[in-house]
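K.L.:
My questions all concern the structure below.
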Amino acid sequence: MKLLVVAHKVMWVAVSLMATAYIAAMWIIMPHGEGANWTLEVVISVCAGTMGSVFLFLGVTWTRHWLMKLKWRKQRGKTTEERAQQKALRAHIKAQKRTEDTPEYNSSFSTNSIDGSFEELGYHTY
2 MKLLVVAHKV
12 MWVAVSLMAT
22 AYIAAMWIIM
32 PHGEGANWTL
42 EVVISVCAGT
52 MGSVFLFLGV
62 TWTRHWLMKL
72 KWRKQRGKTT
82 EERAQQKALR
92 AHIKAQKRTE
102 DTPEYNSSFS
112 TNSIDGSFEE
122 LGYHTY
């Protein structure tokens with residue numbers, strides 16, 4: 002998780018440096034003679050408008066995600082007892098299956114213990 006945080010911060014530094022480089026390049030490319038006094042203001046306003054709209058979009062998206070996450074957590078908290086009962090039932094069924102004499106647990110048949118532990122977690126190997 003720490004690596005993700007560091008990567009996120011490095012990405013923001015890279016984006017800010019690219020924006021600075023873009024503004025510097027526009028400043029160098031655009032003419033500075035008479036009749037071009039408005040170029041600095043236009044470049045800055047276009048960049049500010051673009052960055053503002055991007056941050057507005059990201060803020061709205063983040064808020065929607067945050068609200069969905071809060072709703073999910075609230076719903077998950079209500080059904081915790083139901084899930085606990087279902088999990089206990091599944092564990093009981095698995096325990097009954099293990100006690101039966103199946104080729105999987107026969108001494109002449111070899112199994113991979115890693116596969117079995119992953120199946121208990123819900124993963125299925127192919």
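Under my numbering, the letters of the sequence shown match residues 2 to 127, in that order. All C-beta atoms, glycine included, are put in the ideal place defined by N, C-alpha and C. Just so you know, these numbers come straight off a predicted model, no measurement behind them.
1) One question on the structure: do P32 and T40 come within less than 9 Å of each other, judged by their Cβ atoms?
2) Please look up how many angstroms separate the CB atoms of I29 and V44, rounded, as I've assumed it's under 8 Å.
3) Helix, strand or coil for W39? Go by DSSP, reduced to three states.
4) Mind checking if G34 is an interface residue toward chain C, Cβ cutoff 9 Å exclusive?
5) Output the distance between the C-alpha atoms of A49 and L57, rounded to the nearest integer angstrom.
6) For M19, report the span of its alpha helix (DSSP H) as first-last.
7) Run through the region 71-102 for me and flag every whole alpha helix (DSSP H) of 4 or more residues, listed as ranges in chain order.
P.N.:
Straight from the coordinates:
1) yes
2) No, I29 and V44 are not in contact; Cβ-Cβ is about 11 Å, not under 8 Å.
3) coil
4) This model lacks chain C altogether, as it is built from one protein chain only.
5) 12 Å
6) K3 to I30
7) 81-100
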